[in-house]
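Chains as they are written, first to last, in my numbering: chain A, 80 to 338; chain B, 80 to 338; chain C, 80 to 338; chain D, 80 to 338.
Every residue gets a Cβ at the ideal spot worked out from N, C-alpha and C, and that includes glycine.
Quick caveat, the model's predicted, so the values are computed rather than measured.
Protein chains: 4
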Amino acid sequence: MALRYGDDVILMLEDGSTYLIKLKEDSQLGTHRGNIRHSDLIGKNYGDVVDVDKTRVYTLKPTMVDYIFKMKRKTQIVYPKDSGFVLLMLDIKEGDRVIDAGVGSGAMCGLLARYVGESGKVFAYERREEFMEIAKKNIERWGLMDRVEFKLKDIGEGFDEENIDAFFLDVPDPAPYIESVWKVLKGSGRLAVLCPTTNQVQSVVERMNEVGFIRIEVWENLFRQYKPNPKRLRPFDKMVAHTAYLVFGMKINQEGKGS
Amino acid sequence: MALRYGDDVILMLEDGSTYLIKLKEDSQLGTHRGNIRHSDLIGKNYGDVVDVDKTRVYTLKPTMVDYIFKMKRKTQIVYPKDSGFVLLMLDIKEGDRVIDAGVGSGAMCGLLARYVGESGKVFAYERREEFMEIAKKNIERWGLMDRVEFKLKDIGEGFDEENIDAFFLDVPDPAPYIESVWKVLKGSGRLAVLCPTTNQVQSVVERMNEVGFIRIEVWENLFRQYKPNPKRLRPFDKMVAHTAYLVFGMKINQEGKGS
Amino acid sequence: MALRYGDDVILMLEDGSTYLIKLKEDSQLGTHRGNIRHSDLIGKNYGDVVDVDKTRVYTLKPTMVDYIFKMKRKTQIVYPKDSGFVLLMLDIKEGDRVIDAGVGSGAMCGLLARYVGESGKVFAYERREEFMEIAKKNIERWGLMDRVEFKLKDIGEGFDEENIDAFFLDVPDPAPYIESVWKVLKGSGRLAVLCPTTNQVQSVVERMNEVGFIRIEVWENLFRQYKPNPKRLRPFDKMVAHTAYLVFGMKINQEGKGS
Amino acid sequence: MALRYGDDVILMLEDGSTYLIKLKEDSQLGTHRGNIRHSDLIGKNYGDVVDVDKTRVYTLKPTMVDYIFKMKRKTQIVYPKDSGFVLLMLDIKEGDRVIDAGVGSGAMCGLLARYVGESGKVFAYERREEFMEIAKKNIERWGLMDRVEFKLKDIGEGFDEENIDAFFLDVPDPAPYIESVWKVLKGSGRLAVLCPTTNQVQSVVERMNEVGFIRIEVWENLFRQYKPNPKRLRPFDKMVAHTAYLVFGMKINQEGKGS
């Protein structure tokens, strides 16, 4: 599995800085530690420690998390701290048919597409063309275009699908769309709504109760990273304090909790 | 998709209590709200609201998270709050060959098996036969036995595989095994170690540095759930304060950071 | 400073359980480890390790936090995790004249009384007589009655004081009282409002803006305790996830931010 | 209480920026919104809203927390999130004799001095003269010099006092001093140790057990601030993730838990 032109590589320098590149002939990467010629990496393996001129470089295989943090984007992304939990709470699995609205730069869309497998499908709604174009480029780079059907559309007009297994809703004002979401979900289908503010959580939970969702859960998570120094183990000084509240529920085949 | 004998169902009562059952002829479920005959649920759909005698029941499709919380177990499980993040950090995907050591009751093993797909494989090491038997029953119920190779073995003797994509290490004292883990991983392969104590984090990180891992990251996460009352939105009074620290790293093809 | 009849003592057994007693003649304390006669403790010192029959007992001097956790109460108390921060944000100091509404069981009232000193005063409003009686007993035990003026009164009728330095507001629905609070505070006077729900925070902050407060800050805090085992240092499994949000502000001598 | 020359004032501009000044004749404050002449503020009151040229200014009374955040310093300060809790756990009150080692820039020393009152005393140890000088200037500005006895001294030589009520230990490597601390404390006296790393917590707790402390508690706290927008209530994006672990204990009059 020696590296060849066309391969994606994460290059990590000794100071921990990383670069995601696709190996190309006659190309070089400019870094604050000097230039690295792509040709010097051909034939190396993932995991190798390469001395290029005066710079030591680690050649690593990009993970999906790498791609997400390095991708082109114009929107706030869904962080791994949230997306991993959402995948489990939405019970995403091979063959699932999932709606992702709105797509933004495509980070969550890519993860959903990865985990629905070849037999599944992600219907990706986005209202703004400039975001959609970025998302498409990202999904294409990840080789997942076959699994995603993009829809440049305002979701105020409703959704085209039915019998959807799981729904990820990440739009500026989600409460008005809860009823449309309910309609396209299967019975017992799972919904996740990403809400930046407590006000949105309040209106979304109220609407989910009215429309016909149960097992409504509201979560937030705080991820804290430690300095990996075994002699002085302690958290980093700062952390992300908030991305969004996560609201989950399951559709019942009757409005408003059957009450 | 009407419910038939043999189907798994989550029954939820109006007080929120849930039961995971497999529909069987001539069976009934005893609850604190009275008995529910399985035969009364045949022909219903997932998501239905069923009035059985004086009890209202919701018939829901079990998710993997439901199975994990309802499964038989004799060990501490890896919580969804941790496992979702581990899946992303280990970059688990179709076709991956992964080692899970030790298996315990099989919660993480099941998730790994789900996400490596049919072309992937999980090698599941466990030293204690009683845990292994429980894990096997759980994996079998989830229909994932084809993807898991169980190994009743003390990992002190090393691992049988090579060129492993990702490794999940969850044993009482992990530091002594870091070198064996390094040997079986591919270059750039991902490792996740679950460490309940700070002392373990210290020894694991030290060992990972010595043996040849980079991008070492140490995380912990706090998940907080809110009472889903839109008029009085606030967190529940108590929460899980700690399960484990999560240590991640990537193998380089040279010992000790090449230093 | 040998212990005498009339002294308060915290007795701690070897299992960590604690008892707050006042030493009395001919009295004994019944514990799950046997009876402890008060007379056996006379002449001992704070900090002593005393073997009484088969039980080892530590004789400790009660702290204010001990008194608060051991006091008689019928209401939720303000926890030290919150009250210490409130004291600083309210800038409580010798000579301050402070209003505490509602008093509840008197935990916060006692702390305020302690720190305003002999030249300060706490005006303690409480609507329910049964709570007031408990608060009085607690304040009396702490020897702080001279510094507290109790008022059995519904605060809907307003407050009797003026030129108040600091105000602690802890009532079920605080927003309607913000204007009355503003009236009795000095210019630049400090307000702290304890709000269990996000809905209350929203209405209180909105009202504070309208009425004439600046430097409005909203905080919450998570305190996490570790098992004090140096070989296996890790947090306890569970923690308090939420007590209340803390809203702070300073009065300006003009309504609504002067806008 | 009109403002006069010599008074301390916090000036807050409309964008929330604050300045701590002492009013002086013929002085002015340069801000990014223009200059503010001190003379324009004479005769105003705390809490006033003053229009100076084109700038709106709020004249506020500085709190101790203001002084701490605005003071001159060369060291990391103890944050209010930690210091408020420490004050309660150390049970600081009028008349207490307290040791503060090392003093650093004097933030904690000032708080201790404020709350021990006129009849109490803080013995403030600091090894580095440059820090001591800064701390003295800060304590002087707060008018608390009568209550503090400064000691320019390496605490490796021990402490000069005895029968100390409470001890605050905040030095780079605290474990070696635990025994000296024990010697100067009263029976049942309270100790708080500030430990940035988990390794320090481990060694401090171990030493406290050996030397003769009980009720050993280890805490950390996470304070999270919300954007005070009632229509979009949510936490700020970033927060302080870690300052230090707080270790507490009480002295018993016998070594090593009397075991």
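{"Check": "Identify, in the order they occur along the chain, each residue of the same chain with its Cβ nearer than 8 Å to the Cβ of residue 351/C, setting aside the five sequence neighbours on each side.", "Outcome": "An answer regarding residue 351/C cannot be provided, because it is not within the stretch 80 to 338 covered by chain C."}
{"Check": "Residue 213/B and residue 151/B look like a contact to me (Cβ under 8 Å); what is the Cβ gap, rounded to whole Å?", "Outcome": "6 Å"}
{"Check": "Which residues, in chain order, does the stretch 192 to 222 of chain A contribute to contact with chain B at a C-beta distance below 9 Å?", "Outcome": "193, 194, 196, 197"}
{"Check": "Using 9 Å as the limit for Cβ to Cβ distance, is residue 97/A near chain C?", "Outcome": "no"}
{"Check": "Just verifying my parser: in three-state terms, what is the DSSP assignment at residue 82/C?", "Outcome": "coil"}
{"Check": "Looking at the secondary structure, which residues open and close the beta strand (DSSP E) in which residue 324/A lies?", "Outcome": "324 to 330"}
{"Check": "Do the CB positions of residue 326/D and residue 250/D come within less than 9 Å of each other?", "Outcome": "no"}
{"Check": "So that I know if they touch, is there some Cβ in chain C lying closer than 9 Å to that of residue 307/D?", "Outcome": "yes"}
{"Check": "Compare the C-beta of residue 327/C against all C-beta atoms of chain B and say whether one is closer than 9 Å.", "Outcome": "no"}
{"Check": "Starting from residue 159/D, follow its DSSP beta bridges and name the residues at the other end.", "Outcome": "Per DSSP, none; premise fails for residue 159/D."}
{"Check": "Measuring straight from C-alpha to C-alpha, what distance separates residue 260/C and residue 312/B?", "Outcome": "25 Å"}
{"Check": "When you check each C-beta in the stretch 277 to 308 of chain C against every C-beta of chain A, which residues fall closer than 9 Å?", "Outcome": "277, 278, 280, 281, 301"}
{"Check": "Entirely within the stretch 191 to 242 of chain D and at least 4 residues each: give me those alpha helix (DSSP H) ranges in chain order.", "Outcome": "208 to 220"}
{"Check": "Going by C-alpha to C-alpha distance, which of 128/C, 105/C, 114/C, 188/C sits closest to residue 332/D?", "Outcome": "128/C"}
{"Check": "Between residue 273/A and chain D, is the shortest Cβ-Cβ distance under 9 Å, so that the two count as touching?", "Outcome": "no"}
{"Check": "Taking 9 Å as the threshold (C-beta atoms), are residue 220/A and residue 199/A in contact?", "Outcome": "no"}
{"Check": "So what does residue 176/A bridge to, in DSSP terms?", "Outcome": "200/A"}
{"Check": "Within 9 Å of any Cβ in chain B, is that where the Cβ of residue 141/C sits?", "Outcome": "no"}
{"Check": "Please determine if the stretch 167 to 177 of chain A and the stretch 297 to 315 of chain B are in contact, where contact requires at least 3 C-beta pairs separated by less than 8 Å.", "Outcome": "no"}
{"Check": "Can you check whether the C-beta of residue 153/A is within less than 9 Å of a C-beta belonging to chain D?", "Outcome": "no"}
{"Check": "Please work out which residues of its chain come closer than 8 Å, Cβ to Cβ, to residue 162/D, disregarding the five sequence neighbours upstream and downstream, and give them in chain order.", "Outcome": "186, 187, 190"}
{"Check": "Taking just the CA atoms, how far does residue 276/D sit from residue 222/D?", "Outcome": "34 Å"}
{"Check": "Please compile the residues from chain A whose C-beta is within a distance smaller than 9 Å of the C-beta of residue 333/B.", "Outcome": "126, 127, 128"}
{"Check": "Output the boundary residues of the alpha helix (DSSP H) element that contains residue 129/D.", "Outcome": "Looking at the DSSP string, residue 129/D is not in any alpha helix (DSSP H); the run it does join, the beta strand (DSSP E), is 127 to 131."}
{"Check": "Please report how far the alpha carbon of residue 240/A lies from the alpha carbon of residue 253/A, in whole angstroms.", "Outcome": "19 Å"}
{"Check": "With DSSP run on the structure shown, which of helix, strand or coil describes residue 314/D?", "Outcome": "strand"}
{"Check": "Taking the Cβ atom as the reference point for each residue, do residue 177/B and residue 238/B lie within a distance shorter than 9 Å?", "Outcome": "no"}
{"Check": "Helix, strand or coil for residue 338/D? Go by DSSP, reduced to three states.", "Outcome": "The pLDDT assigned to residue 338/D is 42, lower than 50, so where the model puts this residue is not dependable, and the model offers no usable value."}
{"Check": "If you check the beta carbons only, do residue 138/B and residue 88/B fall under 9 Å apart?", "Outcome": "yes"}
{"Check": "Please work out which residues of its chain come closer than 8 Å, Cβ to Cβ, to residue 294/A, disregarding the five sequence neighbours upstream and downstream, and give them in chain order.", "Outcome": "327, 328, 329"}
{"Check": "To the nearest angstrom, report how far apart residue 269/C and residue 106/D are at their CA atoms.", "Outcome": "28 Å"}
{"Check": "Go ahead and label residue 175/B buried or exposed: buried means 16 or more other beta carbons lie within 10 angstroms of its beta carbon, across all protein chains shown.", "Outcome": "buried"}
{"Check": "Quick one, which of 216/B, 218/B, 194/B, 228/B has its alpha-carbon nearest residue 204/B's?", "Outcome": "228/B"}
{"Check": "Do residue 115/D and residue 90/D come within 9 Å of each other at the CB atom, strictly closer than that value?", "Outcome": "yes"}
{"Check": "Does chain G have any CB closer than 9 Å to the CB of residue 148/B?", "Outcome": "The chain labelled as chain G is not found among the protein chains of the depicted structure, namely A, B, C and D."}
{"Check": "Could you give the residue range of the beta strand (DSSP E) that holds residue 267/A?", "Outcome": "264 to 274"}
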